[in-house]
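Numbering-wise (the numbering used here), the sequence shown opens with residue 493 and increments by one.
These notes concern the structure reproduced below.
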Amino acid sequence: MSNTMPASLANGRYQIGQLIGRGGMAQVYTALDTRLGRTVALKMMHSDLANDDIFLSRFRREAHSVAQMNNPNIVNIYDSGEETMTDEAGRTERVPYLVMEYVKGQTLRDIIKANGPLSQRDAEQVMIGVLNALEYSHRMGVIHRDIKPGNIMISEQGMVKVMDFGIARALDDSVATMTQSQGVVGTAQYLSPEQARGETVDMRSDLYSAGCVLYEMLTGKPPFTGDSAVAIAYQHVSEVAVPPSTMVPGLPKMWDQICAKAMAKDRQNRYATAAEFKNDILTFMNGGVPVAANFNPLADLANMKARKQAEQTAATQAMSPIETAATQAFNPVTGQFEATMAPQAVGTQLKTRSEQATEAKAKRKKKIIIGSVIGSLLLIAAIVGLVFFLKGVGKGIDQVVVPTFSDTTTEDRAREKLTEAGLKMQVKQDTDSSEPEGTFTKQSPKGGSKVAKGSTVTVWFSAGPKAVKIPEVKGRSQEEARSVLEKAGFKVTPSTQTEDSQDVPKDKVTRTDPAAGQAIDKGSTLMLYISSGMTKVPDGLVGQPKDAVLANLSKQGFSTQVNSEYSDTVPKDSVTRVEPGSGTAIEQRGTIVVYVSQGKEQVSVPNTTGMTLGQARFLLSQQGLAAGLPNGGSDTDIVDHQDPVAGAKVDKGSTVNLTVKPTQTANSGNSSGAGSNGGGTGMGNGSQQGNKN
Ligand SMILES: Nc1ncnc2c1ncn2[C@@H]1O[C@H](COP(=O)(O)OP(=O)(O)OP(=O)(O)O)[C@@H](O)[C@H]1O
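Set out below in structure tokens:
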């Protein structure tokens, strides 16, 4: 930075420490927040960008959008501001900065660079953190747009924290496309195909980038590499990444499927939500079959190409050849505008009309063949059925009536009835029923129908409700919670998430995800949240009556200490401020200092009668009072009367009205007698007389 770096910001509140990182748009320092006594990370925009209006507004937007978010997997933004700095040429400029949670640890980019691929378990843990962050931010309507290993911090305690929602924009802003805004969001290696094409982005664009991060964690390399941003962007649009299992010996092929589904070219084929992506990873890691198992990356690519081709055909009819040639686009790696293919030309070559016609003809032919095969098979089945039916009737087989069962029929009773009727029973479990286990649900053939004696009747009994309520495990130890949940038929992820809690003691369970009370499928996987033992100082205390605030804080388990102070704005007996401030994380049952207003400061009105007006004004200002002169007067006039009277208690800042009489001449002064104003100060009389003599 070419500025002269100040030692502190915000009137000394943030004392700047060491430089910890330098990114594309800012430098990051550690700093001490002297007000709250904690270490924070300070992100200061590069000075050459401080004058760029678009950049400035983006920076402010970052501060605004992220400050609304509060999630353990997102780096908290505490504060933001702009500081006036002077550069070497003596020019002053306002440099914006963000104050964020300081994460002691490393970025995922540095970890992969130093150690290569992560273990499957570690990759799973990181992805769960990232997807939790995205699940939350997407719920808040914020798309990250720049998910990459450099924006994922892993703290020394192993917490995953996503940062740099620097280009995040509220969802309703998403109509702006990459090319329209001239600001490519996303780094080429993690860019979704729609971002590469300059189309609108949505939450699934973040999931694509997260898929690229998963790929890189498993293999040590991003899915696509190349000499230029354009070369990489092209591959995102039109090539299927090499399956991770071919790069890492022994890596289960299911990871290929999960990565491929997350990185589907067509966003409709991707995971629809971060939660769906997370659940698929958890299902796989817990021995289940993920949804991604059926994903076919080649079909996805082919469909996408076909769709784009159709769009392109329509577009080329209205477009001159020049418009399909190379165009300028912003290169996210170099930060430069570079020549690239126009969006319509990226990803696929145009097929000629004759090629398309041949293809369509072949498809029609294929359909006809499949249709005739199915038709023949159906005909054969019908003939065989008819022959069997006629044979049975012709032989006059003994017919019996199938007994009818109800939901009170037990398995034993059903068997008895069928045996009596000369029928056999086949028992099946009805896994779709929500009835209690063992309840009769259906039978085939139906009760009342006639069948040959000795036939088999299939009877279904409920396997128990599929969806069961998640038990409440709040406040329990992790082990207890696991056992309760597993008994209820759920799986629990080996990893947990830590979060602040007002009432749950440290290391105990705060909640499950999905939440207790919800009815979900047996066998589903749940995540446990564990209390960090910390909680946040509540909001909305300032201006509230003291008693209500103290009762509220004590109800929440906090200890309080009350201090009084004068306030010009907060009424007497209401809260002026709390220390630590609202929103600060403190230990549960920690102490909050509550400052209570004594109202405005009261002062005693001094006696000014007999003084010169100049002296009276001085004395009043010393007490924090103003002099009022309803009848006018000059500094040498003598104060004759004051209102309020001496000794009265008034608000600091009030006005004391003074009535004056003109200065006496030496003679008349003697005759009226300064001594008659015995209440005046000696200094007042003496100096006045001295001036006049
Ligand atoms: N809150 C934080 N706590 C600790 N270190 C941080 C924090 N934020 C950033 N850093 C460090 O500072 C470095 C620079 O961060 P920054 O977000 O400015 O850039 P980047 O993500 O590396 O690059 P780009 O701006 O191109 O996205 C990071 O790589 C990280 O090492």
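Yeah, the Cβ is synthetic: ideal placement off N, Cα and C, and Gly gets one too.
Where residue i sits in the DSSP three-state scheme
i, result
"T692", "coil"
"R905", "helix"
"Q507", "strand"
"M497", "coil"
"D995", "coil"
"Q1010", "coil"
"M577", "strand"
"D772", "helix"
"Y476", "The structure shown does not extend to residue 476, since the chain spans only 493 to 1185, so no value can be given for it."
"R514", "strand"
"G1106", "helix"
"D571", "strand"
"A502", "coil"
"M1193", "Nothing can be reported for residue 1193: it is not among the residues displayed for the chain, which extend from 493 to 1185."
"K857", "Because the pLDDT at K857 is just 38, under 50, the model does not fix this residue reliably, and the value given afterwards should be weighed accordingly. Three-state DSSP puts K857 in a helix."
"H538", "coil"
"G703", "helix"
"N1149", "strand"
"R527", "coil"
"V783", "helix"
"S1113", "helix"
Residue i: CB within 7 Å of a non-hydrogen atom of ligand 1
i, result
"I512", "yes"
"V1229", "Look at the range of the chain in this structure, 493 to 1185, and you will see that residue 1229 is not part of it."
"M517", "yes"
"N643", "yes"
"Q592", "The identity of residue 592 in the sequence shown is Met, whereas the question assumes Gln. At least one heavy atom of ligand 1 is nearer than 7 Å to the Cβ of M592, so yes."
"K605", "no"
"D525", "no"
"A533", "yes"
"M655", "yes"
"V595", "yes"
"V558", "no"
"V618", "no"
"T599", "yes"
"V705", "no"
"V1148", "no"
"V976", "no"
"V1097", "no"
"V960", "no"
"V567", "yes"
Same chain, Cβ closer than 8 Å to residue i, five either side skipped, listed in chain order
i, result
"H538", "M493, M517, A518, Q519"
"N1123", "T1151, V1152"
"P1072", "L528, V1029, I1078, I1084"
Sequence-distant residues of the same chain with beta carbon closer than 7 Å to residue i, five excluded per side
i, result
"A625", "N563, N565, I566, V654"
"S500", "Y506, Q507, I508"
"T711", "P609, P736, M739, V740"
"S701", "I639, K640, G678, Y682, S684"
"P715", "C704, Y707, A733, M755"
"A766", "L623, L626, E627, H630, L699"
Beta-carbon contacts of residue i that lie in its chain and below 6 Å, excluding the five residues immediately before and after
i, result
"P963", "V976, A980"
"A785", "Q749"
"K916", "T948"
"S941", "V894"
"D1005", "M1019"
"G621", "N565, V652"
"T1052", "L1042, L1045, I1084, V1086"
"D1135", "N1149"
"G877", "For G877, the pLDDT reaches just 34, beneath the cut-off of 50, and the residue's location in the model is therefore unreliable, although a value from the coordinates is still provided. Nothing meets the Cβ criterion."
Chain D within 8 Å of residue i, Cβ atoms only
i, result
"A944", "Protein chains in the displayed structure number just one, and chain D is not present."
Inter-stretch contact at 8 Å, needing at least 3 Cβ pairs: the stretch 682-693 / the stretch 587-594: No: fewer than three Cβ pairs fall under 8 Å.
Is the stretch 1102-1111 in contact with the stretch 1055-1069, if contact means three or more CB pairs nearer than 8 Å? No contact exists between the stretch 1102-1111 and the stretch 1055-1069.
Taking the runs of the beta strand (DSSP E) that are 3 residues or longer, which of them lie wholly in the stretch 902-985? The stretch 902-985 is shown to contain whole beta strand (DSSP E) runs of 3 or more residues at 916-922, 932-936, 942-944, 948-954, 959-961, in chain order.
Just list the beta strand (DSSP E) runs in the stretch 583-651, keeping only unbroken ones of 3 residues or longer that don't cross its boundaries, in chain order. Positions of the beta strand (DSSP E) runs, each at least 3 residues long and wholly inside the stretch 583-651, are given as 584-593, 597-599, 644-647 in order along the chain.
Can you find at least 3 beta carbon pairs, one from the stretch 940-948 and one from the stretch 888-898, that sit closer than 8 Å? Flag = yes, the stretch 940-948 and the stretch 888-898 touch.
Within 8 Å, do at least three Cβ pairs link the stretch 790-804 to the stretch 1028-1036? Per the Cβ contact rule, the stretch 1028-1036 is not in contact with the stretch 790-804 (fewer than 3 Cβ pairs under 8 Å).
Answer yes if the stretch 1038-1055 comes into contact with the stretch 984-993, meaning at least three C-beta pairs across the two stretches below 8 Å, and no otherwise. No, they do not touch.
Segments assigned alpha helix (DSSP H), at least 4 residues, entirely inside the stretch 730-781: Listed in chain order, the complete alpha helix (DSSP H) runs (minimum 4 residues) inside the stretch 730-781 are 736-739, 746-754, 766-777.
Alpha helix (DSSP H) runs contained entirely in the stretch 1022-1094, provided each spans 4 or more residues: Taken in chain order, the whole alpha helix (DSSP H) runs of length 4 or more contained in the stretch 1022-1094 are 1038-1047.
Taking 8 Å as the threshold, find out whether the stretch 915-932 comes into contact with the stretch 950-959 through three or more Cβ pairs. A contact exists between the stretch 915-932 and the stretch 950-959.
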